[in-house]
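Take a look at the structure set out below.
Chains as they are written, first to last, in full-length UniProt numbering: chain G, 1 to 420; chain C, 1 to 420; chain F, 1 to 420.
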């Protein structure tokens, strides 16, 4: 019997590690998606941002963030205590002690699964502020976001804080991860301003096409794959019939929502623009995934598809609307993760009886309000101290040369520095 | 003991989900492979097709296909009944009841594993009809293929229909998936005709090089990786010594066949063309993988390598022969999945004593005949109603602008629309 | 109880297979990394090399290498016996016999996990000799490397040979895999000479930028992901609490070291070059990964980060120093895998009490000495027989046309053959 408990512990740990590896892989997905959707002259810089932000997220979350989000002893449901650095893992004795409090998987595996989530939230930001933000200013923001801003609101829900007490439901983070990332991005975009040439003097919106759509498509597929770890791992256990069925349901619903998002966005784009816009199909898939993330377990496969369909429909109009508001988001991150993240949170009560619209709305507003306000303040301090925007010449030349000292595609773009 | 049964159920379910995720990842592999092998001006469209067909496959297979392929109660071994939408998952009681009929893994995990297979079959089609087919006509075909054509022949073998009764062996689908996809592609290619400029007036065949070979190579590696899920998951169980050994053997043989295919295709290409043709090496790897798919368990590692070697040898000549027949398949999909798929089916009796050449040939002909005939009919109806081929101007300009309204690489191709 | 032993066997086997699949995926990572860091005109050839070397490694290791590295009966701790081809897998009886010698996972899974490691070592070589080596000469070297050179030193440590007896510690192969690959590469680079134009007559070093940095970044992310299998799988067991905790610790430390490497290399590059050099960030991540590979279990997460930080710091100066020595390594493979691999070996005693600097230094020198000497001899024989370097015209035109008969990006480079 003890051997069985140990084996069960091993299976759940392995399931966490595989899920975490899939979520880590999403970092590559965001990097490819964003690199594909910006212009060639700004590609190396956004790649550098994506690599560096992942590294910073890992280090800051280990040093500070994880201890805030999952404190040993919290001061209150609003304010966590700070525990020390990651401690020893569970002893065999503790595992075999039995009872509801006995750990059933490795604490290190838990940290691994959590640390890749904070990187996901941070990755959302990099796309929205692309093509005009200073690299090092962005990385300074990443330090604060991953050490403090994300973990505190994470504590409120997943760490057992007041949002959890209110009955707010957010299975894998439509709010805690995606809306949070989008709110931080929105604050940055407002303070940063639009790219030169994006909006004309008479209100016209100019399309600035991405340089490498296969890369963007690859990024979307990577994210779709990684999301099985993101949502599937968030069930947190797989080792009995009920849990195994639950994880399988989450996989199916995650997949169906993405599929629904693609079809809806493609048809909507066809109606609105008259063409099968690939970038909208990609955003549709991601919208479906974001939408189902708040509740991928309770819906039937059919309802999950519908949640994705609505997400895919919303995202097209969200992208159009943000441009009307002159909020310049080169990759559509605020629409995909923010606007659709809200839809995901509000869709929960339709399938999960434990959820209420009141609690969902409260959670939504708290996450949005806190993240936006705290991020705005940090961005502002960075702006007035070291600045957040590159010079006009550097923006025209491309940030790759100015920030990274190299070009992403030195042989492909005869028109280097042409300002395309 | 009950806890042990539950844990076993959990492991098998997890194994299915991981395998299914790897097969889902093959969708990205096909997308990258095909996008790398077409010209720049047709890249965004083929990416759109690949994203959309995956979504359509998921939705149609959930609504219709899965219920045809695995009916609760079949009318006959030729005609399935139609069960309802995916039902509830297995109860703990059913799992613990014991006996041969007791479910040992999640039904939802089974659906997830199956749904990504139908997408694979459909992905095969998109490459063969690339660079000249109307996007929406293709997607209409995808609806029928994934809802009906694929599931019916799948029922005949894997759903317990008459091909299974005949002793036809097809472990993971050299026939049911790969030959089926290739047969549907062949019907489309015949009705569609070759790309403008591919075949000269005096019978000469003009090479039309793919625009992005690193992308194609990435696609091949993704497919190689995904195939471990494709074949490895098709053992359907891993939770005891015999099954675990079997899955490991399948992994080894799958890998060795791919390796054999690479070496054989590279050497054959060197002999035939005098150069180490990268695209042939890629097709060789895929040929090895397709060849071993019908029986990756019974062979020794050495025999598996040889099955792949022969596949890699065949594929080079198949590609040359199809061009002689003026069947224009831009990515070689019919050769890789169809011709080599047949080799895979016919190779089974060499290692698996339960297989007979008669049954293998019957299965081959039934799958090929049914899929080709049904697909031909559907393509034909689409052709005479809405049309399947883009206009000559659109083909010359590239289908990206016409169908998707954007370019895949707007900054890289100075010679846009040059008809290269 | 027997069912429990079987289930445990199944879990450990599955863990091996998943780990092995992740390591196989590293082949794609090396291919993309190297393809992104060379010039467009040499891209198809390096892709061909990467695909072919993986295939060759699989076949030669099956036929010869595995039997050398893990012989049934060794002649001595310096010289293995040669066992026969991969035998039958473990019987249920053997598994259930119990005792320390009873196999607890599939032998085929073990082979699968080992075979992808040899491919990793070989992949390291291809980058260093890029852009000027003959394709077929490289592949001939691959045959000897994977059949004999790598397996013999692998036997000395992991097969139970004399290095293992000395107490040399190398958890997942900073020495056995990475230093070994780098030493073989170094011998090739010395015999091959630098690329034309890399070093000026007055000692100046000319940067030759890679053609596709998103691809290189993708390659780095693939390698980071694959490394969870590389290091995580090297714990060799996961099925009880202690082992599961160990695997989780390895995942965390692997991730933290990579993160540390990125930050250190980026800051170092900023100090040295004044810019956030993306390629240094990529090499920093890989350096962190290589550094932690010798001992990813014993360190705390904080110490693992520091091991990566030092690796990331070292790699920048190693790359600069090799250029000063006119050792032309287009992708920095010798620095990343060789120089940092040595750091990894020497870092072990700081966290693992069982290791001594003496044993680590001995292992380092033996691996370096053997691999360099044996490789030098093989390269030399190839050089004097069929030659290893392409002609000057071919180098100028690009090896793609000469060796593969095609171009990697036929539409993107207007300046084909410009010698950029």
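Don't be surprised by glycine CBs; every beta carbon is placed ideally from N, CA and C.
Treat the numbers as computed from the prediction; the structure is a model and nothing was measured.
Measuring alpha carbon to alpha carbon, tell me which residue in the options is nearest residue i.
i                      : options                       : result
residue 300 of chain G : G:348, G:264 and G:339        : G:348
residue 186 of chain G : G:162, G:216, G:128 and G:11  : G:128
residue 394 of chain C : C:114, C:7 and C:196          : C:196
residue 35 of chain C  : C:285, C:169, C:114 and C:217 : C:217
residue 101 of chain F : F:108, F:90 and F:111         : F:90
residue 170 of chain C : C:180, C:2, C:353 and C:157   : C:157
residue 327 of chain F : F:358, F:198 and F:25         : F:198
residue 271 of chain F : F:249, F:283 and F:317        : F:317
residue 282 of chain C : C:333, C:237 and C:242        : C:333
What does the alpha-carbon distance come out to for the pair residue i and residue j?
i                      : j                      : result
residue 410 of chain G : residue 210 of chain F : 8 Å
residue 340 of chain C : residue 290 of chain C : 7 Å
residue 374 of chain G : residue 258 of chain F : 29 Å
residue 8 of chain C   : residue 8 of chain F   : 10 Å
residue 405 of chain C : residue 337 of chain F : 45 Å
residue 416 of chain G : residue 131 of chain G : Unreliable positioning characterises residue 416 of chain G in this predicted model, as indicated by a pLDDT of 43, which lies under 50. The coordinate reading is nonetheless provided below. In a straight line, the C-alpha of residue 416 of chain G is about 15 Å away from that of residue 131 of chain G.
residue 346 of chain G : residue 359 of chain G : 9 Å
residue 116 of chain C : residue 369 of chain F : 49 Å
residue 118 of chain C : residue 159 of chain F : 44 Å
residue 235 of chain G : residue 397 of chain C : 49 Å
residue 67 of chain F  : residue 10 of chain C  : 36 Å
residue 366 of chain F : residue 280 of chain F : 29 Å
residue 273 of chain G : residue 46 of chain C  : 19 Å
residue 223 of chain G : residue 203 of chain C : 46 Å
residue 43 of chain G  : residue 276 of chain F : 13 Å
residue 109 of chain F : residue 60 of chain F  : 17 Å
residue 252 of chain G : residue 106 of chain F : 30 Å
According to DSSP, is residue i part of a helix, a strand, or is it coil?
i                      : result
residue 1 of chain F   : coil
residue 389 of chain G : strand
residue 199 of chain G : strand
residue 241 of chain G : helix
residue 205 of chain G : strand
residue 57 of chain C  : helix
residue 14 of chain C  : helix
I want to verify the contact list: residues of chain G whose CB lies under 7 Å from the CB of residue i, in sequence order.
i                      : result
residue 9 of chain C   : 241 and 244
residue 106 of chain C : 244, 245 and 248
residue 109 of chain F : Chain G residues near residue 109 of chain F: none, gap ~14 Å exceeds 7 Å.
Which residues in chain F have a C-beta closer than 7 Å to the C-beta of residue i? List them in chain order.
i                      : result
residue 238 of chain C : 10 and 14
For residue i, return the contacting residues in chain F, with the cut-off set at a CB-CB distance below 9 Å.
i                      : result
residue 321 of chain G : Near residue 321 of chain G there are no residues of chain F at all, since even the closest Cβ is about 30 Å away, more than 9 Å.
residue 212 of chain G : 214
Quick one: does residue i have its CB under 7 Å from some CB of chain A?
i                      : result
residue 374 of chain G : Going by chain labels, chain A is absent from the structure shown, which instead holds the protein chains G, C and F.
Under 9 Å between beta-carbons, which chain G residues line up against residue i? List them in chain order, please.
i                      : result
residue 135 of chain C : 276
Is any heavy atom of the ligand COA found at a distance shorter than 6 Å from the C-beta of residue i?
i                      : result
residue 136 of chain G : Annotation note on the ligand COA: not contained in the displayed structure, which lists no ligands.
Quick one: list the residues of chain G neighbouring residue i, beta-carbon separation under 8 Å, in chain order.
i                     : result
residue 39 of chain F : 411
Per the contact definition of three or more C-beta pairs closer than 8 Å, is the stretch 40-54 of chain C in contact with the stretch 119-136 of chain C?
yes
Under 8 Å: do the stretch 320-330 of chain C and the stretch 296-311 of chain C share three or more Cβ pairs, one atom per stretch?
no
Given 8 Å as the limit, is there contact between the stretch 11-21 of chain G and the stretch 220-236 of chain F, that is, 3 or more CB pairs closer than that?
yes
Stretch-stretch touch, CB-based, cutoff 8 Å, three pairs: the stretch 91-98 of chain G with the stretch 75-82 of chain G:
no
Specify whether the stretch 365-385 of chain C and the stretch 134-152 of chain C touch according to this definition: at least 3 beta carbon pairs, one from each stretch, less than 8 Å apart.
yes
Validate contact between the stretch 279-295 of chain F and the stretch 163-181 of chain F using beta carbons, cut 8 Å, 3 pairs
yes
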